[in-house]
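Asks:
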Amino acid sequence: MLVYVENDEALDPAGASARWGYLYYSVSQERARVWSVRDGRIAVAENLDMRFDAPPVSADWLDSADALAIAEQGGGGAFRREFGGRLMTMLLMRGAFSEADPDVTTWTFVYSAPGAPSLFVVVDATAGKV
């Protein structure tokens with residue numbers, strides 16, 4: 002089951018990255034495996050030597066481009082313009098950064114700018130709400 006997706010290299014303004022990381026967890030094998038994909042090809046594939054109860058992301062989730070458009074309207078765009086910031090991280094996972102509903106799958110967008118605190122914009126990956 003898919004547990005986590007994150008950019009493995011820098012993001013361009015449209016949210017594209019040359020490499021993406023995927024974390025899968027096998028309940029039957031009690032093992033996690035990480036994949037790093039560049040240009041549609043597997044660049045890294047490794048089993049992780051750690052055990053954890055990893056909740057899968059929901060079966061239906063917004064594409065990263067759609068979620069990014071929502072994050073940009075939900076404060077990310079204003080942050081970039083006001084502080085000269087840029088998008089640093091995009092990650093998809095369940096249970097992170099969602100205090101109201103820790104079971105929801107979210108896209109989290111982390112924006113950074115010199116001299117300003119980072120901005121985290123959390124988008125519900127199924128409902129499309131900030």
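Residues 2 to 131 in this note's numbering are what the sequence shown lists, from first letter to last. In this text, a Cβ means the ideal position worked out from N, Cα and C, and glycines have one as well.
1. What do you reckon, are the CB atoms on S65 and W36 nearer than 8 Å?
2. Report yes or no: do the segment 89 to 96 and the segment 31 to 47 share at least 3 C-beta pairs separated by less than 8 Å?
3. Please check the pair V38 and W21, which I expect to be a contact at CB under 8 Å, by giving their CB distance rounded to whole angstroms.
4. Any heavy atom of the ligand PLP within a distance shorter than 7 Å of the CB on E31?
5. Tell me whether G85 sits in a helix, a strand or coil according to DSSP, three-state version.
6. So which of A17, A72, P118, P115 has the shortest CA-CA distance to A126?
7. Quick check on S119 - is its C-beta less than 8 Å from some C-beta in chain D?
8. So, under 8 Å CB-CB, Y25 and G77 are touching, yes? Tell me the CB distance rounded to an integer number of Å.
9. From D9 to P118, what distance separates their C-alpha atoms?
Replies: The structure says:
1. no
2. no
3. 5 Å
4. Ligands in the displayed structure: none, and consequently the ligand PLP is not present.
5. coil
6. A72
7. Given the protein chain composition of this structure (a single chain), no chain D is represented.
8. Not confirmed; about 28 Å, so no contact.
9. 22 Å
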